[in-house]
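Read the structure below first, then the notes.
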Amino acid sequence: MSVPDQLRAATQRLKTGAAPDTARLDAELLAAHVARCSREELLLRPPARLDEDAYEALLTRRAGGEPVAHLTGRAEFWSLPLQCGPQALVPRADSESLVELALDLRKGRPPETILDLGTGTGALLFAALSEFRGAQGLGLDISAEAVELACRNAVRLQLADRASFLIGSWETLERGAFDLILCNPPYIRETDELGAGVREYEPRGALFAGADGLTEYRAIFPRLRSLLSPGGHAVFEIGAGQAEDVEALAARANLSNAGRCQDLGGHVRALAFTLGKG
Numbered sequence: 001m002s003v004p005d006q007l008r009a010a011t012q013r014l015k016t017g018a019a020p021d022t023a024r025l026d027a028e029l030l031a032a033h034v035a036r037c038s039r040e041e042l043l044l045r046p047p048a049r050l051d052e053d054a055y056e057a058l059l060t061r062r063a064g065g066e067p068v069a070h071l072t073g074r075a076e077f078w079s080l081p082l083q084c085g086p087q088a089l090v091p092r093a094d095s096e097s098l099v100e101l102a103l104d105l106r107k108g109r110p111p112e113t114i115l116d117l118g119t120g121t122g123a124l125l126f127a128a129l130s131e132f133r134g135a136q137g138l139g140l141d142i143s144a145e146a147v148e149l150a151c152r153n154a155v156r157l158q159l160a161d162r163a164s165f166l167i168g169s170w171e172t173l174e175r176g177a178f179d180l181i182l183c184n185p186p187y188i189r190e191t192d193e194l195g196a197g198v199r200e201y202e203p204r205g206a207l208f209a210g211a212d213g214l215t216e217y218r219a220i221f222p223r224l225r226s227l228l229s230p231g232g233h234a235v236f237e238i239g240a241g242q243a244e245d246v247e248a249l250a251a252r253a254n255l256s257n258a259g260r261c262q263d264l265g266g267h268v269r270a271l272a273f274t275l276g277k278g
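Here it is in structure tokens:
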């Protein structure tokens, strides 16, 4: 069977699996992984054949819901190649809205210091450092395995001289003076239904945040006054439909709204805040 035929058959098979909406893309990414080439190379210059046993094994796992990034060990965020695994949340394209909002807010005033709370793979921190080339960054995560993964990504991206990492909770940093804080905290309600791929394969601690999904915002917002520099910005990811509730929590912590950014689906996905007076 030719590679184009294999791709067609794989796509049809994945359409009956856990993630039918991305069946064709998943089939291509897994085939490229087996062929040890890029997706573009696979489509433009397909190899004579694929290792059918290896491809079949990956398709079976993907049909069962295992994330493509776990199967290939990598994902792309802000055009940066990242090593991925079950240690940390797989970077999502929607999270790029945080970087877009940060770029808009810091236009003409590039930050010198960046903090990424709950860094995971380091995706947000590395994206920001790739844009703000004079900045130094710190990534914080409670998971030692996630921090180890982020450190490896820093080396692969040649950003290790500008990125440091710390294992700890939100309370670990008592004081700071960061010009830009990025944070994609857990924000899913405990009762929300999730796809099998997310529920079974991604770290639970990076997903769920109490009965209303707002627990982590309540914990973090009061700490921003001791972490943000004067004139600094904090940019947070939120769940669809959470904007008003999160902004209300920010106001109670004496934070001022500084901007919003929508994701690819038109939902408000990123909110920015500055320190209020007082």
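Going by UniProt numbering, the first residue of the sequence shown is number 1, and it counts up by one from there. We treat Cβ as the ideally placed atom computed from N, Cα and C, and that holds for glycine. Quick caveat: nothing in here was measured; it's all calculated off a predicted structure.
- Separation of Arg109 and Ala177 (C-alpha to C-alpha, rounded to the nearest whole angstrom) is 15 Å.
- Within the DSSP bridge table, the entry for Gln262 names Val268 as partners.
- Arg92 sits in coil when the DSSP states are folded into three classes, being neither helix nor strand.
- For Cys151, the uninterrupted alpha helix (DSSP H) run begins and ends at 144–156, by DSSP.
- Under a 10 Å Cβ-count criterion, Arg62 is classified as buried, with 16 or more other Cβ atoms of the shown protein chains found around its own Cβ.
- Straight-line measurement puts the Cα of Ala128 at about 25 Å from the Cα of Ile188.
- Going by C-alpha positions, Trp170 is about 47 Å away from Gln6.
- Taking all protein chains in view, the Cβ of Pro186 is crowded by 16 or more other Cβ atoms within 10 Å, so the residue is classified as buried.
- Between the beta-carbon of Leu42 and that of Ala31 there is about 6 Å, and that keeps the pair under the 8 Å contact cut.
- For a cut-off of 8 Å, the C-beta gap from Arg269 to Cys261 is around 6 Å, short enough to register as a contact.
- Cα atoms of Leu25 and Val3: separation of roughly 14 Å, rounded to the nearest angstrom.
- Scanning Arg225, Leu140, Leu59, Ala144 for the CA closest to the CA of Gln87 turns up Ala144.
- Gly65 is positioned such that its CB atom lies closer than 8 Å to that of Tyr201.
- Leu80 and Leu71 do not touch by the CB rule: their CB atoms are close to 19 Å apart, not below 8 Å.
- In the structure shown, the three-state DSSP call for Leu59 is helix.
- Inside the UniProt domain "Methyltransferase" (112–236), DSSP marks whole beta strand (DSSP E) runs of 3 or more residues at positions 113–117, 136–141, 163–167, 178–183, from first to last along the chain.
- Ranked by how close their Cα comes to the Cα of Glu148, the residues Ala243, Ser164, Lys107, Asn254 have Ser164 in first place.
- Assigned with DSSP and collapsed to three states, Glu66 falls in coil, not helix or strand.
- A direct Cα-to-Cα measurement between Gly213 and Ala272 gives close to 18 Å.
- Taking 8 Å as the cut-off, the Cβ atoms of Phe126 and Leu159 count as close.
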